[in-house]
Structure formats: structure tokens, C-alpha cells
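**Q**
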Amino acid sequence: MAVGSVTRVGQTVSRYGLVVVLAWIGFGKYVKMESRVLIEHSPLMSWIYQFLSVGTVAAALGTMEIVAAVLIAIRPFWPAVSAYGSALAVVLFVGTLSFLFTTPGIVATYAGPLPVLSGMPGQFLLKDLVLIGVALWTLGDSLEAARRRSSAASRSGPASAVR
195 MAVGSVTRVG QTVSRYGLVV VLAWIGFGKY VKMESRVLIE HSPLMSWIYQ FLSVGTVAAA
255 LGTMEIVAAV LIAIRPFWPA VSAYGSALAV VLFVGTLSFL FTTPGIVATY AGPLPVLSGM
315 PGQFLLKDLV LIGVALWTLG DSLEAARRRS SAASRSGPAS AVR
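If you read the sequence shown in my numbering, its first letter stands for residue 195, the second for the next number, and so on.
1. With DSSP as the reference, identify every bridge partner of valine 301, one or two as the case may be.
2. Near leucine 311, which residues of its chain fall below 7 Å by C-beta distance, leaving aside the five closest residues on each side in sequence?
3. Measuring CA to CA, which of Gly220, Ala305 and Val285 is closest to isoleucine 260?
4. Rounded to the nearest angstrom, how far is the Cβ of serine 276 from that of serine 336, given a contact under 8 Å?
5. Quick check on arginine 357: does DSSP put it in helix, strand or coil?
6. Return the CA-CA distance between tryptophan 218 and serine 236, expressed in angstroms with no decimal places.
7. My understanding is that glycine 256 touches isoleucine 266, with C-beta atoms under 8 Å, so please give their C-beta distance in whole angstroms.
8. What's the gap between the Cα of isoleucine 326 and the Cα of threonine 250?
9. In whole angstroms, what separates the C-alpha of valine 214 from that of valine 264?
10. With a floor of 4 residues, list each alpha helix (DSSP H) that falls wholly inside the stretch 218–257, ordered by position along the chain.
11. Would a C-beta distance cut-off of 7 Å place phenylalanine 287 and aspartate 322 closer than the cut-off?
12. In angstroms, rounded to a whole number, what distance separates the CA positions of tyrosine 304 and phenylalanine 295?
13. Can you grab the Cα-Cα spacing for the pair alanine 347 / proline 315, in whole Å?
14. For tyrosine 243, I'd like the list of residues in its chain whose CB is within less than 8 Å of its CB, leaving aside the five on either flank, ordered along the chain.
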């Protein structure tokens with residue numbers, strides 16, 4: 195397999211892997227409340243429970259994750275709109291990564307002085323470090339594709355933009 199092919203396969207797996215993860219976790223928010231404990235300890239997000247129920251917050255987060263997934267997935271057809279999905283994913287992952295610093299039980303106590311992450315929630319949250327990287331890459335890729343498409347349309351004139 196040529197290097198370019200490996201790169202394209204990696205990009206496709208990264209983009210649509212992110213789509214699957216976001217959609218799956220988003221749909222999961224409708225059937226379980228696993229994020230409640232994380233959110234209630236976060237100074238960035240705990241205030242929301244003063245206004246909305248746990249179920250409403252879970253559904254709102256799940257909906258945002260599903261919307262981000264759908265928008266990221268449409269990149270081949272509508273890269274400018276796909277960029278919004280990637281930006282939303284970045285915001286969502288910034289929120290979840292903040293839980294690494296605010297949630298009790300992140301560092302395993304059995305490891306003594308070593309900063310070993312607990313399986314849950316520590317290692318569960320750590321994966322978002324990679325996911326935010328993929329979301330940032332999809333954001334840049336979508337913006338670049340939208341710029342190229344816009345540039346090509348403006349060079350071709352109004353007749354080609356209608357096609």
C-alpha cells in the first residue's frame with residue numbers, strides 16, 4: 195500500500211471513528227446518566243443543574259454529540275458546515291477534559307506517589323485527549339476544503355457556482 199493510501203485510510207478512519215464515538219456516546223446519554231457525577235464536580239458545568247434536571251442535561255449533551263457527529267460526517271458534501279460539527283466536538287471535549295482536574299477519583303490511590311489514572315473515570319476521560327486532537331484535525335481539514343471549494347467557485351465564475 196502506498197504512503198498516500200495509508201494516509202487517506204488513516205484520515206477516513208479518524209474522521210468516521212470520531213463520528214461513531216460521538217454518535218454512540220450521544221445516543222447513550224438518552225438511556226443512562228453516566229455524566230452526572232462528572233458534571234456535578236465541574237466548576238465549568240455544575241451550575242447547570244440549578245436550572246435543568248439531570249435528564250435534560252444528559253439529553254442536551256447527547257443531542258449536541260449527535261449533531262456534531264452528523265455534521266462531521268457530511269464533510270465530503272458540505273465542508274463548511276462540517277467545520278461547525280468539528281468545532282462543537284472540540285468544545286465538548288474541552289468540557290470533558292476539564293473533568294480530569296475536577297472529578298474525585300481520577301488518580302488511583304493504590305499507586306502511592308505515582309500519578310496513575312484510575313480505570314474509571316481517569317482512563318475513561320483520558321481518551322478525550324486523542325479525540326480532541328482528531329476533532330481539531332477535522333476542523334482544520336473541513337475549513338481548508340471549504341476554502342478550496344470557495345476559491346475554485348470564485349475562479350470559475352457564477353455559472354459554475356450554480357451547478
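Don't be surprised by glycine CBs; every beta carbon is placed ideally from N, CA and C. Nothing here was measured: the structure is a model prediction, and the numbers come from that model.
**A** Looking at the atomic coordinates:
1. DSSP output for valine 301 lists Leu311 as bridge partner(s).
2. Exclusion of the five residues before and after leucine 311 leaves Ile300, Val301, Ala302, Gln317 and Leu320 as the residues of its chain whose Cβ lies within less than 7 Å of its Cβ.
3. Nearest of Gly220, Ala305 and Val285 to isoleucine 260, Cα basis: Gly220.
4. Contact annotation, serine 276 with serine 336: C-beta distance approximately 4 Å; criterion of less than 8 Å satisfied.
5. Note that arginine 357 scores a pLDDT of 42, beneath 50, so its modelled location is shaky; the value from the coordinates is reported in the next line. Correct three-state label for arginine 357: coil.
6. When rounded, the distance between both Cα atoms is 23 Å.
7. For glycine 256 against isoleucine 266, the beta-carbon gap comes to about 16 Å, at or over 8 Å, which does not count as contact.
8. Their backbone Cα atoms lie some 25 Å apart in a straight line.
9. Looking at the two C-alpha atoms, the distance is approximately 10 Å.
10. Uninterrupted alpha helix (DSSP H) stretches at least 4 residues long and entirely within the stretch 218–257 occur at 230–234, given in chain order.
11. Their beta carbons are under 7 Å apart, which means phenylalanine 287 touches aspartate 322 by this criterion.
12. Between the alpha carbons of tyrosine 304 and phenylalanine 295 lies a gap of roughly 19 Å.
13. So the alpha carbons of these two residues sit roughly 48 Å apart.
14. Excluding positions up to five away in sequence, the list reads Ile233, Glu234 and Val251.
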